[in-house]
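Colleague:
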């Protein structure tokens, strides 16, 4: 009975953690003027792509789900006039915007149970060719889950309505993902994404 009670208590605590995480993400979506559909889609698509890439461990998939949910949590530290600017950002504004992965790291680092979920919030703006941020990581220096998430996030962003841009047609978005293989994106991840494209709806 004691083991059953402990198991149930751990399950309930984990559930409470996840509801809290989802609440943070919804709060950010409201502030960032993004629909909840965006957060839900990128989370679901990231899990699909991660499994297609061979990730099967349930604990790892749980951490990927948490990381995808919290991917832009660092934008809480970005001023509203930059976050919701209808036009392109200037150089000074980009300097501030590019700090949001560092803000995410600083916010999540004190929360020990979220350490395994840190790779996506901190590293999903790194690029395969080393021109990304915040660390300028290159190739397989970038954590695999961040490389997976980057493809999903960019595809969803360019095909969605945003304050600063209109959605692209799907064919144009797919062509862009393919063109950025080996530049922005890991070529292996792009290949798996394209092979499984019918699942991303």
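Residue numbers (the working numbering): 3 to 203. A virtual CB, placed ideally from N, CA and C, is assigned to each residue, including glycine. As the structure is a prediction and not an experimental result, all values here were calculated from the model.
(1) Count the other CB atoms, across all protein chains shown, that sit within 10 Å of the CB of residue 122; report buried if there are 16 or more and exposed otherwise.
(2) Is the Cβ-Cβ distance between residue 153 and residue 187 less than 7 Å?
(3) Between the C-alpha atoms of residue 170 and residue 180, what's the straight-line distance to the nearest angstrom?
(4) Label residue 157 either buried or exposed according to how many other C-beta atoms from any shown protein chain fall within 10 Å of its C-beta, with 16 as the threshold for buried.
(5) Span of the alpha helix (DSSP H) holding residue 152?
(6) Pull up the CB-CB distance for residue 128 and residue 106, whole angstroms please, since I reckon it's below 8 Å.
(7) Comparing alpha-carbon positions, which option in 96, 71, 68, 67 lies nearest residue 81?
(8) Would you verify that the beta carbon of residue 176 is, or is not, closer than 7 Å to some beta carbon of chain D?
(9) What residues in its chain sit with their C-beta under 8 Å from that of residue 125, if we drop five residues either side in the sequence?
(10) Is the beta carbon of residue 119 sitting closer than 7 Å to the one on residue 53?
(11) Whole angstroms is fine: what's the gap from residue 204's alpha carbon to residue 32's?
(12) Could you check how far apart the C-beta atoms of residue 130 and residue 185 are, in whole angstroms? I think they sit under 8 Å.
(13) In angstroms, rounded to a whole number, what distance separates the CA positions of residue 68 and residue 13?
Modeller: Let me lay it out:
(1) Counting Cβ neighbours within 10 Å, residue 122 comes out buried, since at least 16 surround it.
(2) yes
(3) 15 Å
(4) buried
(5) 146 to 160
(6) That pair is no contact at about 13 Å.
(7) 96
(8) Of the protein chains in the structure, only one exists, and it is not chain D.
(9) 103, 137, 139, 144, 145, 148
(10) no
(11) Residue 204 falls outside the range modelled here, since the chain spans only 3 to 203, and no answer is possible.
(12) With a Cβ gap of about 6 Å, residue 130 and residue 185 count as contacting.
(13) 16 Å
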